[in-house]
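What follows is one structure encoded as structure tokens, with my remarks underneath.
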Amino acid sequence: MSLPADSWHAHYAGDQCIVLEFGQIIDKTLVDSVVALNARLTAALRCGQITGLLETVPTFRSLALIYDPLLTHPDGLLEQVRNLSLQAAATTHSAARHFSLPVHYGGEHGPDLTSVANLTGLDEQEVVTLHAQTGFTVYMLGFLPGFAFLGDTPSELHLPRLSEPRTRVPAGSVAIAMQLTGIYPWDSPGGWHILGNCPVPLFDGTLDPPVLFQAGDTVGFRDVDTHEYEEIADVSRQGKFDRKTLEQKQDVLN
Amino acid sequence: MNGSLTIARAGLLSTLQDRGRFGLRHLGIPWSGCLVPHWQQLANNLVRNAPHTCVIECWEGGLQVNVEDHPVRIAIAGHTSVIASIESAQRKISLAPMRSYTAQVGDTIALTSTGNMRQAVMAIAGLMVEPQLGSASTYAKASLGGLNGNVLQNGSEIRFDCKPDGPELRCTDPLIAAYQQTDIRLVMGPQEILFSKDGVHNLLNEEYELSSDADRMGVRLSGPAIFHRDDDAKNIVSDAIVPGSIQVPGNGQPIILLSDAHTAGGYPKVATVISIDLPLPGLLRAGTRFRFRAISIDEAIHETRQQHELVRKTVKNTTPVIADSLSTLVLLANNLIDGVIDGTS
Chain D
1 MSLPADSWHA
11 HYAGDQCIVL
21 EFGQIIDKTL
31 VDSVVALNAR
41 LTAALRCGQI
51 TGLLETVPTF
61 RSLALIYDPL
71 LTHPDGLLEQ
81 VRNLSLQAAA
91 TTHSAARHFS
101 LPVHYGGEHG
111 PDLTSVANLT
121 GLDEQEVVTL
131 HAQTGFTVYM
141 LGFLPGFAFL
151 GDTPSELHLP
161 RLSEPRTRVP
171 AGSVAIAMQL
181 TGIYPWDSPG
191 GWHILGNCPV
201 PLFDGTLDPP
211 VLFQAGDTVG
221 FRDVDTHEYE
231 EIADVSRQGK
241 FDRKTLEQKQ
251 DVLN
Chain E
1 MNGSLTIARA
11 GLLSTLQDRG
21 RFGLRHLGIP
31 WSGCLVPHWQ
41 QLANNLVRNA
51 PHTCVIECWE
61 GGLQVNVEDH
71 PVRIAIAGHT
81 SVIASIESAQ
91 RKISLAPMRS
101 YTAQVGDTIA
111 LTSTGNMRQA
121 VMAIAGLMVE
131 PQLGSASTYA
141 KASLGGLNGN
151 VLQNGSEIRF
161 DCKPDGPELR
171 CTDPLIAAYQ
181 QTDIRLVMGP
191 QEILFSKDGV
201 HNLLNEEYEL
211 SSDADRMGVR
221 LSGPAIFHRD
231 DDAKNIVSDA
241 IVPGSIQVPG
251 NGQPIILLSD
261 AHTAGGYPKV
271 ATVISIDLPL
281 PGLLRAGTRF
291 RFRAISIDEA
301 IHETRQQHEL
311 VRKTVKNTTP
321 VIADSLSTLV
331 LLANNLIDGV
341 IDGTS
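For the protein sequence lines, the chains are D and E, in the order given.
The numbering used here puts the first residue of the first sequence at 1, with every later residue one more than the last.
The numbering used here puts the first residue of the second sequence at 1, with every later residue one more than the last.
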């Protein structure tokens, strides 16, 4: 997929980063553009084709390019990026992968399921079904190491954040706010509505990469009962969960 | 040879840090790494370590390290006002920064106070720490690096593999003048457009004071508000953050982000402190006032390259400490020390 170079504006962010801004909103088409350019640049980076580029950071709305100021000037870096993104690409294999994640909705693991049902005028099962039937895309990672922002949550479930954030959201929580769904890899404070919990290890510092997803991957949720949830949680606690079992093979040509 | 050291007291916050863990920001994992990179480089060089070896970064002081089974060579990089010593029942040697020393079995190495700066670093010859995801830097929030993903604790044991050999080394801190700097240089953006003219005027013309609210993630400042363009401009859709980003939340009071900062966030960033000035807001004491000065990207790149060249030359420019063992012996023999020898004499 070729990307017109004028679909972003470059902003300096100090002497080691330049930010390519694609827009100011959360929107899947923006994310797709960011992910596409990121895939192109990451491939070029791995081949050493872009002098001075060290790493890239995709977000909802921008792609940050981190560079070594001893090796390149950001304007020179931009020139290289423009040339790359203007090259007509034939077909490129998408790096995106698809994951299916087990989630136990409601009960102690999904303390906000009832209130979400009340606020949206749906019953609990309808909320679960709507959420679990949605094909999500990982829009970005951030906020916490490995925290995945997924979109879009079905419009029926769009709610503002909680007016009083929780001081502790347990690791594995699957939660919603506005058009996003988030998965907490760590215990953390948080202000999203918790629908359920995913018992698999989402961040494992002994693995490389330590995080299951990256921006552009797609994710679906599988509604599991307490029994299956506990089984998976047990295996995870013992450190024996094989994350590869979550990935569903697909071969996407863009 | 494989020696061990015990952290008798870890002090306020002591962590193992190398240059940082790069290439994982897209997964939400910050770089971490030593807040004062040239100190990490100089201290390692003084104990003849490879430049990427991790050091102990110590906040405020209170660090005590016991030498268990083998002599060890160490060097502290910090401000000249650092208070540090090597101490045993028989002797106490005061340590000067930017110089190596050898501690014997049974000695306690103390970094009592980081002096006029919030941090100092201690390099240990042959320090062995298993890197995780390419770095030994501690990022405790994700249990990465350090010792089992954690900051140093009382009782932690660290290991080294190096026999003290050759003369002690010393060097001068090439950036000593920078600590007197009263302005911090920045490049405007990436979201300066979200701030009002008056807000940007304040940023570039008024004084800002460092608060005591500082850690490896960032430091808060107080001063005349850096006004946003309007209320809508107070929050943005999450955008990338780098160390140096100057975030301005709704109250208009800036936060300068440091090594452990999140990789993305929803406050607009009016400007970015240039990399070579970034140690200052983390180092200088609460209450220090300074001004921000905007420079062009060309100037920023130029200045950064110049400074790296200066540090590179200093690293090459260590000198052996020749008279050290002699003067120590002489002083001991004359019983002039009463506990303290100035290691720099």
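Beta carbons: idealized from backbone N, C-alpha and C, even for Gly.
Original post:
Does T15 (chain E) have its Cβ less than 8 Å from a Cβ in chain D?
Top reply: Stepping through the second sequence from its first residue, residue 15 (chain E) is reached at position 15. No, its Cβ sits nowhere closer than 8 Å to a Cβ of chain D.
Subject >> Close-in-space but distant-in-sequence residues of the same chain around A64 (chain D) (CB under 6 Å, 5 per side omitted) >> reply: Taking the first residue of the first sequence as 1, we reach residue 64 (chain D) at position 64. Answer for A64 (chain D): C17, V19, V57, listed in chain order.
Original post:
Which word fits I66 (chain D), buried or exposed, when buried means at least 16 other C-beta atoms lie within 10 angstroms of its C-beta?
Top reply: Position 66 of the first sequence, counted from the start, is the residue given in the question as residue 66 (chain D). Buried, by the Cβ-count rule.
Original post:
Can the beta-carbon of A175 (chain D) be found less than 8 Å from the beta-carbon of H193 (chain D)?
Top reply: Walking along the first sequence from the start, residue 175 (chain D) turns up at place 175. Walking along the first sequence from the start, residue 193 (chain D) turns up at place 193. Cβ distance < 8 Å, so A175 (chain D) and H193 (chain D) count as in contact.
Original post:
Are the stretch 33 to 46 of chain E and the stretch 80 to 87 of chain E touching, with three or more C-beta to C-beta distances below 8 Å?
Top reply: no
Subject >> Residues of its chain near E124 (chain D), where Cβ-Cβ distance is below 7 Å and the 5 sequence neighbours each way are ignored >> reply: As a working note, residue 124 (chain D) is residue 124 in the first sequence. Excluding residues within five positions, the ones whose Cβ falls inside 7 Å are G106, L113, T114, A117.
**OP:** Please determine, among E:A8, E:L152, E:L127, the residue with the shortest C-alpha to C-alpha distance to Y139 (chain E).
**Re:** The count along the second sequence starts at 1 and reaches residue 139 (chain E) at position 139. Comparing Cα positions, the closest option is E:L152.
Original post:
Is the Cβ of T51 (chain D) closer than 8 Å to any Cβ of chain E?
Top reply: By 1-based counting over the first sequence, the position of residue 51 (chain D) is 51. Chain E contact via Cβ: absent.
Subject >> chain D contact residues for S143 (chain E), given Cβ-Cβ distances below 8 Å >> reply: Here residue 143 (chain E) is taken as the residue at index 143 of the second sequence, counted from 1. Per Cβ cutoff of 8 Å: G205.
Original post:
Within 8 Å (strictly less), CB to CB, does A39 (chain D) reach chain E?
Top reply: Sequence index remark: in the first sequence, residue 39 (chain D) carries index 39 (1-based). Cβ-Cβ to chain E under 8 Å: no for A39 (chain D).
**OP:** Starting from the beta carbon of G33 (chain E), find every residue of chain D whose beta carbon is closer than 7 Å, and list them in chain order.
**Re:** Numbered from its first residue, the second sequence carries residue 33 (chain E) at position 33. Ordered by position in chain D, no residue passes the 7 Å Cβ test against G33 (chain E), which lies about 13 Å from the chain.
Subject >> Alpha carbon of R61 (chain D) to alpha carbon of T288 (chain E), nearest angstrom >> reply: Within the first sequence, the letter at position 61 stands for residue 61 (chain D). Within the second sequence, the letter at position 288 stands for residue 288 (chain E). Each residue's alpha carbon lies about 36 Å from the other.
Original post:
Among all the DSSP beta bridges, which residues are the ones paired with E55 (chain D)?
Top reply: Here residue 55 (chain D) refers to the residue found at position 55 when the first sequence is read from its first residue. In DSSP, E55 (chain D) forms a bridge with D:I66.
Original post:
Taking Cβ-Cβ distances shorter than 7 Å, what residues in chain D pair up with T304 (chain E)?
Top reply: One-based indexing of the second sequence puts residue 304 (chain E) at position 304. Here the neighbours are D15, P69.
Original post:
When the Cβ atoms of the stretch 95 to 107 of chain E are set against those of the stretch 222 to 241 of chain D, are three or more pairs found closer than 8 Å?
Top reply: no
**OP:** Name, please, each residue of chain E whose Cβ falls closer than 7 Å to the Cβ of G142 (chain D).
**Re:** As a first step, residue 142 (chain D) is located in the first sequence; it is residue number 142 there, counting from the start. Result: G28, S238, H262, T263, A264.
**OP:** Return the CA-CA distance between L180 (chain D) and L257 (chain E), expressed in angstroms with no decimal places.
**Re:** Your numbering for residue 180 (chain D) matches position 180 in the first sequence. Your numbering for residue 257 (chain E) matches position 257 in the second sequence. Cα to Cα, L180 (chain D) sits roughly 26 Å from L257 (chain E).
Original post:
Is T314 (chain E) helix, strand or coil by DSSP?
Top reply: Mapped onto the second sequence, residue 314 (chain E) falls at position 314. Looking at T314 (chain E) - three-state DSSP - the assignment turns out to be helix.
**OP:** Less than 8 Å between the CB atoms is what I'm expecting for D329 (chain D) and I297 (chain E), so what's the real figure, rounded?
**Re:** Residue coverage of chain D in this structure runs from 1 to 254, which leaves residue 329 (chain D) outside it and unanswerable.
Subject >> C-alpha gap between A43 (chain D) and T167 (chain D), whole angstroms >> reply: Position 43 of the first sequence holds residue 43 (chain D). Position 167 of the first sequence holds residue 167 (chain D). Straight-line Cα distance between these residues: approximately 40 Å.
Original post:
Of all the CB atoms in chain E, is at least one closer than 8 Å to the CB of E55 (chain D)?
Top reply: Position 55 of the first sequence holds residue 55 (chain D). Yes, contact with chain E.
Subject >> Distance between beta carbons of D107 (chain E) and C54 (chain E), contact taken as under 8 Å >> reply: Against the second sequence, residue 54 (chain E) aligns to sequence position 54. Against the second sequence, residue 107 (chain E) aligns to sequence position 107. At roughly 22 Å, the Cβ-Cβ gap does not stay under 8 Å, so C54 (chain E) and D107 (chain E) are not in contact.
**OP:** Return the bridge partner residues of H70 (chain E) from the DSSP annotation.
**Re:** Here residue 70 (chain E) refers to the residue found at position 70 when the second sequence is read from its first residue. None; H70 (chain E) has no bridge partner.
Subject >> Opening and closing residue of the beta strand (DSSP E) in which L186 (chain E) lies >> reply: Within the second sequence, residue 186 (chain E) is the residue found at index 186, counting from 1. Taken as a continuous stretch (DSSP letters only), the beta strand (DSSP E) holding L186 (chain E) covers 183 to 188.
**OP:** Determine the burial state of A142 (chain E): buried for a count of at least 16 other Cβ atoms within 10 Å of its Cβ, exposed for fewer.
**Re:** Here residue 142 (chain E) refers to the residue found at position 142 of the second sequence. Buried.
Original post:
Should L147 (chain E) and L16 (chain E) be called a contact, given that it needs their Cβ atoms to be closer than 8 Å?
Top reply: Reading the second sequence from its first residue, position 147 is the one you call residue 147 (chain E). Reading the second sequence from its first residue, position 16 is the one you call residue 16 (chain E). In contact: L147 (chain E) and L16 (chain E) (Cβ atoms closer than 8 Å).
Subject >> Minimum Cβ-Cβ distance from T6 (chain E) to chain D less than 8 Å >> reply: Counted from its first residue, the second sequence places residue 6 (chain E) at position 6. With 8 Å as the cut-off, T6 (chain E) does not count as an interface residue toward chain D.
Subject >> Residues from the stretch 31 to 55 of chain E in contact with chain D, defined by Cβ distance under 8 Å >> reply: none
Original post:
If we cut at 8 Å on Cβ distances, does A96 (chain E) have a partner in chain D?
Top reply: Taking the second sequence and counting its residues from 1, the one referred to as residue 96 (chain E) is at position 96. Taking Cβ atoms only, chain D never reaches closer than 8 Å to A96 (chain E), which makes this a no.
Subject >> Delimiting residues of the alpha helix (DSSP H) encompassing W59 (chain E) >> reply: Here residue 59 (chain E) refers to the residue found at position 59 of the second sequence. Looking at the DSSP string, W59 (chain E) is not in any alpha helix (DSSP H); the run it does join, the beta strand (DSSP E), is 55 to 59.
Original post:
If you measure beta-carbon to beta-carbon, which residues of the stretch 141 to 168 of chain D are closer than 7 Å to chain E?
Top reply: L141, G142, F143, L144, P145, G146, F147
Original post:
With 8 Å set as the bound, which would you pick, yes or no: does the beta-carbon of Y12 (chain D) sit closer than that to a beta-carbon of chain E?
Top reply: Mapped onto the first sequence, residue 12 (chain D) falls at position 12. Yes, Y12 (chain D) counts as interfacial toward chain E.
**OP:** Compute the Euclidean distance between the alpha carbons of L53 (chain D) and E156 (chain D), then round it to the nearest angstrom.
**Re:** Here residue 53 (chain D) refers to the residue found at position 53 when the first sequence is read from its first residue. Here residue 156 (chain D) refers to the residue found at position 156 when the first sequence is read from its first residue. Cα to Cα, L53 (chain D) sits roughly 42 Å from E156 (chain D).
Original post:
Is A215 (chain D) closer than 8 Å to E26 (chain E) when the C-beta atoms are compared?
Top reply: Residue numbering aside, residue 26 (chain E) sits at position 26 when the second sequence is read from its first letter. Residue numbering aside, residue 215 (chain D) sits at position 215 when the first sequence is read from its first letter. With the sequence shown as reference, residue 26 (chain E) is identified as His, and Glu is not the correct amino acid for it. Contact flag set, yes.
**OP:** Closer than 6 Å by C-beta to F99 (chain D): which residues in its own chain qualify, once you throw out the five before and the five after it? Chain order, please.
**Re:** Walking along the first sequence from the start, residue 99 (chain D) turns up at place 99. Counting only Cβ-Cβ distances below 6 Å, and skipping sequence neighbours, we find V219, L246, E247.
Original post:
Does any CB atom of chain D fall closer than 8 Å to the CB of F195 (chain E)?
Top reply: The residue labelled residue 195 (chain E) in the question sits at position 195 within the second sequence. It does not; no Cβ of chain D falls within 8 Å.
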